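Trainee: Heads up: the sequence shown at position 65 corresponds to 64 in numbering that gives the first Met the number 0, and the numbers run straight through without jumps. The beta carbon of each residue, even a glycine, is placed where N, CA and C say it ideally should be. Just so you know, these numbers come straight off a predicted model, no measurement behind them. First, the structure itself, so that you have it in front of you.
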Amino acid sequence: MRTFARRRGRNMLVGICGTALALAAAVLPVTAQADQADQADQGSGPDAGPAAAGAPERPEPGPDPDPSLPAHSLERADTPLDNPLKGFARFYAPGADQNTGYPNSLTWTYFGLSEVMTDADDCGTYDWDLVDDALDEVASYGNQAAIRFYMEYPHDAGGHPTNAIPHCFDGHVDYRHNGEWDTTSPDYDNRYLLDGLKDFVAAFGARYDGDPRLGYIHMGLIGLWGEWHTWPYDTDTADGYPNLMPTDAHGAEIIEAFDKAFTRTRIEVRAADNAGGAADDLPAVGYHDDSFCFREGDPPAGVTLPQSMGGASWSQLQKALDHGVENRWITASMGGEVRPEIQSRAFDDWPGGSGDVDDMRACIELEHTTWKINEKSAEYAADDPNVAAAVRTMGYDLTVDHAYFHDTAQGPTTVGVRIANDGVAPFYYPWTVSLGLKDSAGRVVRTWDTSWDLREVMPRKIRAFPDWNAGSDPAHLDYGYPEYFDQDIDLSGVTAGDYQLVMKAKNPLEDVNPDAKKLRFANATQNGDGWLGLGGMTVGD
C-alpha cells in the first residue's frame, strides 16, 4: 500500500455508481473507495471470468520410505517467528535497525520509476544505485526485500518523488491531472510509454531476477501508488470523471512483461481482475491484497473474504473465485498488506475477528497468505500468542517427522527424510538442501548437496470455500502428503567416530550475509545455525 508516514485514512462522502459495488453513497475510508473503484474499473463480478475452479485435485503421493533404512522419529516444536520469506514485512527506513520489534525477515520498500530512469534523453538508460543500496542494507540485517516501482504517489512519498514519471517521456506522452489526489497521470495507453515500461521491466528482470536479496516483487508501475487503480478517474465514467486507466489489453502487456522477465523471483499483481484477468493463465503470477481482512460499509462487508462469507462483490477472494484462480497459491505467492486501520489490533480476537476486523484465520487460510506488509507489527509483544499463531499459520510450516538412516555406516550409504507442511502454502523457492555431519564440538565436518525440492511439500490440509460445497463451514480438506526424499552419500574419508547427522536448506542470502535468516524446521532438534539434527550416526565398523 502506501508509505507508512501517510495513509489514505480520512473519511469522505461519495456517491458510488454501479450496481457491482453494492454500496451507495456511504461514508467510507478512502482506501475502500479506491478498492471499490478498482473493482468497477476492472469489471469484477459473476460475469467477469470463468466460474470458481473448485477444490484442487489432490496431488499424487510421493514414494514410500526405503524399508531397508531404520526410521528415527523427530519431535515437533514451534518454528521461530522470523523464518525467511514469510510473516510480516515492515517499511524500509535507511539507517534504521530492521531487527527491532516483532520478529520479521522481510522489508518492504517503494522506488519511483524516475529514480532509476534518470536520463531525460534516453528511456533505455537505467541507474540502479538507489535500488542496490536499499537491497544491500536490507540484506545486512539478514532480511530479504519486497519492492514495487510507481509513477504516481499522492502526498508524502517518504523521501521519494511524488511525481515519478521519467522525464524521458516528456514531449512523447500526454500527462493528465487526477484532481482527487493532485497527481500527474501519464497516458497509460501511449505506445511510447508502454514500450518504455516494457523495456524497463525487461532490464529490471535481467538485473534482479533470482537476486537473493529479493523475496517478492509487486508489479506496480500502473496507477496511484502503483496499485493498479486511478480512482475516481477510472472506467466508471458515469460519475463524470474521465478514465485514466490503461485498456485491459495494454495493462496485459505490462503483466506479461513481468511474467517473462521474472522466472525465478516471485511476482505479484494487485488482484485477479487487473487488466481484465490477464494473469488468469499465468501460473507464476501471485496476488497482492492491499486491504487484507478489513470490513467496511453499511452494512459491513469483507474486502478479502468472498460473498459466501459476508464479503463484498468486489472483494479480493470473490475476484479470485470469479476468475477461477482461487487455487493460484499452489504455484504463486500471496502477499499484500494488513489494512492499516486495523494493524494495531488485527489479531486481538484471533482466530476470528471483531468489528472491522474480519475472520483473520479464514482470511489467511482461504487466501493461503504467505506474507503481509504490517508496519504496526513493530509494536506487537513478542510473546503475543495470537500473533504467533497467525504467523505460524501463514506460508509454509515444515517439519521433518522421520529421518531414515543406518545408525552405524561407512562408505556409501543412504539417508532419507520425510517432510510435512502444516502451513497454508508451499515454500516457493528451490533452495539447496544439504546433509552434513557435525562432530562432538558442533563443527560441520562434511556436507553433501541433495536434489531435494522443498517446493514439492504441499500443505497437508486446505480450507474449502463455502462456494465449493465441500461440507459445513469451515471444512478442511486433505491435500498434500508428507514427502519422502533420500540421497546417497559417501562416508569415505570421514574419520571414524560418533557424529550428529544434520540437514539444512540454505538461504542463498547467506552468500551475501552469513547472518541471513535461516530456514528452520518445526522440530525440537532444529539449531539456530540452520542445521536440523536428524540423529546420531557412528561412522566406521
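Report the rounded CA-to-CA distance for G541 versus D235, giving the unit in angstroms.
Mentor: The displayed coordinates of the chain run from 0 to 540. Any statement about residue 541 would go beyond what the structure contains.
Trainee: Among residues of its own chain, excluding the 5 on either side of D438, which ones have a beta-carbon nearer than 7 Å to its beta-carbon?
Mentor: Counted from its first residue, the sequence shown places residue 438 at position 439. V444, Y498, listed in sequence order.
Trainee: For S471 versus D448, is the C-beta distance shorter than 8 Å?
Mentor: Translated into positions along the sequence shown, residue 471 becomes position 472. Translated into positions along the sequence shown, residue 448 becomes position 449. No.
Trainee: Please determine if the stretch 321-335 and the stretch 285-295 are in contact, where contact requires at least 3 C-beta pairs separated by less than 8 Å.
Mentor: Yes: the two stretches touch, three or more of their Cβ pairs being nearer than 8 Å.
Trainee: Since T392 is in the alpha helix (DSSP H), which residue starts that stretch and which ends it?
Mentor: Walking along the sequence shown from the start, residue 392 turns up at place 393. Counting along the chain, the alpha helix (DSSP H) containing T392 begins and ends at 384-392.
Trainee: Out of G394, A345, F404, state which residue places its alpha-carbon closest to the alpha-carbon of E378.
Mentor: Walking along the sequence shown from the start, residue 378 turns up at place 379. Ranking the options by Cα distance to E378, first place goes to A345.
Trainee: Give the DSSP-derived three-state secondary structure of R57 in the structure shown.
Mentor: One-based indexing of the sequence shown puts residue 57 at position 58. Coil.
Trainee: Could you check where the alpha helix (DSSP H) with E252 kicks off and where it finishes?
Mentor: One-based indexing of the sequence shown puts residue 252 at position 253. Note, E252: alpha helix (DSSP H), 247-260.
Trainee: Report back the beta-carbon spacing between G417 and Y483 to the nearest angstrom; my notes put them in contact at under 8 Å.
Mentor: In the sequence shown, counting from the first residue as 1, residue 417 sits at position 418. In the sequence shown, counting from the first residue as 1, residue 483 sits at position 484. One point to set straight first is that residue 417 is Arg, not Gly, in the sequence displayed. The pair is a contact, with the Cβ atoms about 5 Å apart (cut-off 8 Å).
Trainee: How is N273 classed by DSSP in three states: helix, strand or coil?
Mentor: If you number the sequence shown from 1, residue 273 lands on position 274. Helix at N273.
Trainee: Grouping DSSP H, G and I as helix and E and B as strand, with all else coil, what is K517?
Mentor: As a first step, residue 517 is located in the sequence shown; it is residue number 518 there, counting from the start. The answer is coil: DSSP assigns K517 none of H, G, I, E or B.
Trainee: Could you give the DSSP three-state label for K375: helix, strand or coil?
Mentor: Along the sequence shown, read from residue 1 onward, the residue named residue 375 stands at position 376. Helix.
Trainee: Go ahead and pull the three-state DSSP assignment for I15.
Mentor: Against the sequence shown, residue 15 aligns to sequence position 16. Caution applies to I15, whose pLDDT of 27 falls short of 50 and renders its modelled position unreliable; the value that the coordinates give is listed next. Of the three classes helix, strand and coil, the one that applies to I15 here is coil, per DSSP.
Trainee: Determine, using beta carbons only, whether F110 and I146 come nearer to each other than 8 Å.
Mentor: Here the question's residue 110 lines up with position 111 in the sequence shown. Here the question's residue 146 lines up with position 147 in the sequence shown. For F110 and I146, yes; Cβs fall inside 8 Å.
Trainee: Looking at the unbroken beta strand (DSSP E) that takes in A145, where does it start and where does it end?
Mentor: Position 146 of the sequence shown, counting from 1, holds the residue named residue 145. Looking at the DSSP string, the run of the beta strand (DSSP E) that includes A145 is 143-149.
Trainee: Hey, F464 and L365 are a contact pair by Cβ (cut 8 Å); roughly how many whole angstroms apart?
Mentor: In the sequence shown, residue 464 corresponds to position 465, counting from 1. In the sequence shown, residue 365 corresponds to position 366, counting from 1. About 6 Å; that satisfies the 8 Å criterion.
Trainee: Are the CB atoms of P429 and D355 nearer to each other than 8 Å?
Mentor: Along the sequence shown, read from residue 1 onward, the residue named residue 429 stands at position 430. Along the sequence shown, read from residue 1 onward, the residue named residue 355 stands at position 356. No, Cβ-Cβ distance for P429 and D355 is not below 8 Å.
Trainee: Take every Cβ of the stretch 61-71, pair it with every Cβ of the stretch 116-130, and state whether three or more of those distances are shorter than 8 Å.
Mentor: These segments do not touch.
Trainee: T537 and D406: beta carbons closer than 8 Å?
Mentor: On the sequence shown, position 538 is the one that residue 537 refers to. On the sequence shown, position 407 is the one that residue 406 refers to. The answer is yes: Cβ separation under 8 Å.
Trainee: DSSP three-state call for P507: helix, strand or coil?
Mentor: Position 508 of the sequence shown holds residue 507. P507: helix per DSSP, three-state reduction.
Trainee: Need the endpoints of the beta strand (DSSP E) that M536 sits in, please.
Mentor: Stepping through the sequence shown from its first residue, residue 536 is reached at position 537. Looking at the DSSP string, the run of the beta strand (DSSP E) that includes M536 is 531-538.
Trainee: Going by Cα to Cα distance, which pick from D357, S139, F257, A270 is closest to E325?
Mentor: Here residue 325 is taken as the residue at index 326 of the sequence shown, counted from 1. The shortest C-alpha separation from E325 is found at A270.
Trainee: Give the secondary structure of S439 by DSSP, where H, G and I count as helix, E and B as strand, and everything else as coil.
Mentor: By 1-based counting over the sequence shown, the position of residue 439 is 440. Coil, per DSSP.
Trainee: What is the DSSP secondary structure of F543, reduced to helix, strand or coil?
Mentor: Residue numbering for the chain in the displayed model covers 0 to 540; residue 543 lies beyond these limits and cannot be assessed.
Trainee: In three-state DSSP terms, what is W370?
Mentor: The residue labelled residue 370 in the question sits at position 371 within the sequence shown. The answer is strand: DSSP assigns W370 an E or B state.
Trainee: Going by beta carbon distance, what residues of the same chain come within less than 7 Å of A50, once the five residues before and after it are set aside?
Mentor: Numbered from its first residue, the sequence shown carries residue 50 at position 51. Cβ neighbours of A50 beyond the five flanking positions: G323.
Trainee: Could you pull out every residue in the same chain whose Cβ sits closer than 6 Å to the Cβ of N385, ignoring the five residues on either side in sequence?
Mentor: Translated into positions along the sequence shown, residue 385 becomes position 386. Closer than 6 Å at the Cβ level, and outside the excluded window around N385, lie F346, W349.
Trainee: In chain order, what residues of the same chain lie with their CB nearer than 7 Å to the CB of D118, ignoring the 5 residues before and after it?
Mentor: Taking the sequence shown and counting its residues from 1, the one referred to as residue 118 is at position 119. Counting only Cβ-Cβ distances below 7 Å, and skipping sequence neighbours, we find T124, C167.
Trainee: In the structure shown, what three-state DSSP assignment does E74 receive?
Mentor: For this step, residue 74 is matched to residue 75 along the sequence shown. Coil.
Trainee: At a Cβ threshold of 8 Å, is T246 touching chain D?
Mentor: Of the chains in the structure shown, none is chain D; there is only one protein chain.
Trainee: If I measure Cβ to Cβ from Y427 and keep anything under 8 Å in the same chain, skipping five residues before and after, which residues do I get?
Mentor: In the sequence shown, residue 427 corresponds to position 428, counting from 1. Cβ neighbours of Y427 beyond the five flanking positions: L84, R265, A331, S332, T369, R454.
Trainee: Please classify I418: does DSSP put it in a helix, a strand, or coil?
Mentor: Looking up residue 418 in the sequence shown gives position 419. Here I418 sits in strand by DSSP.
Trainee: Using only the alpha-carbon positions, how far apart do L73 and D135 sit?
Mentor: Numbered from its first residue, the sequence shown carries residue 73 at position 74. Numbered from its first residue, the sequence shown carries residue 135 at position 136. Taking the straight line joining both Cα atoms gives about 37 Å.
Trainee: Just how far apart, CA to CA, sit A311 and M502?
Mentor: Here residue 311 corresponds to residue number 312 of the sequence shown, with the count starting at 1. Here residue 502 corresponds to residue number 503 of the sequence shown, with the count starting at 1. One C-alpha to the other measures close to 46 Å.
Trainee: From W230, A388, P425, pick the residue whose C-alpha is nearest to that of N242; which is it?
Mentor: Working through the sequence shown from its first residue, we reach residue 242 at position 243. Minimum Cα distance to N242 is reached at W230.
Trainee: Anyone know if the C-beta pair for R89 and T398 falls short of 8 Å?
Mentor: Taking the sequence shown and counting its residues from 1, one reaches residue 89 at position 90. Taking the sequence shown and counting its residues from 1, one reaches residue 398 at position 399. Taking 8 Å as the Cβ cut-off, R89 and T398 do not qualify as a contacting pair.
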